[in-house]
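Step one of this worksheet: look at the structure below.
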Amino acid sequence: MAKLGQSAPAPIAAQEDAATGHSFSQAMVSAVRDVDQQNRLAAEKMTEVDSGQSDDLVGAMLMSQEASLSFSMLMQVRNKVVGAVDDLIKMQL
Numbered sequence: 632m633a634k635l636g637q638s639a640p641a642p643i644a645a646q647e648d649a650a651t652g653h654s655f656s657q658a659m660v661s662a663v664r665d666v667d668q669q670n671r672l673a674a675e676k677m678t679e680v681d682s683g684q685s686d687d688l689v690g691a692m693l694m695s696q697e698a699s700l701s702f703s704m705l706m707q708v709r710n711k712v713v714g715a716v717d718d719l720i721k722m723q724l
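Per our numbering, the sequence shown starts with residue 632, numbered consecutively.
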């Protein structure tokens, strides 16, 4: 989640992406993978607590909340992108 929350100034980020060949789709795939990994780790922590292998309930709950916030943020980005695409489709040429 920390990686998703940090933002660099747009011109620098655009120059770096152009130089390295990264595209928006690659960035989205990476973000989805990061969120999925966080969800899996949170589920593993909760399973460990449930089975009695770990007594770190607070840590498991924090990981679960971080994963939930990351997923919510990803959904907000998705909604903004879909809205922007809809606006472009409705635009008259």
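All residues carry an ideal CB built from backbone N, CA and C; glycine is no exception.
Where residue i sits in the DSSP three-state scheme
| i | result |
| --- | --- |
| Ser661 | helix |
| Met722 | coil |
| Gln696 | helix |
| Ser701 | helix |
| Gly714 | helix |
| Gln684 | coil |
Cα-Cα separation, residue i to residue j
| i | j | result |
| --- | --- | --- |
| Asp686 | Val680 | 6 Å |
| Ile720 | Val713 | 10 Å |
| Gln707 | Glu697 | 15 Å |
| Lys711 | Ser701 | 15 Å |
| Arg709 | Gln684 | 37 Å |
Checklist entry - Can you find at least 3 beta carbon pairs, one from the stretch 654-662 and one from the stretch 670-679, that sit closer than 8 Å? => result Below 8 Å, too few C-beta pairs join the stretch 654-662 and the stretch 670-679 to call them touching: fewer than three.
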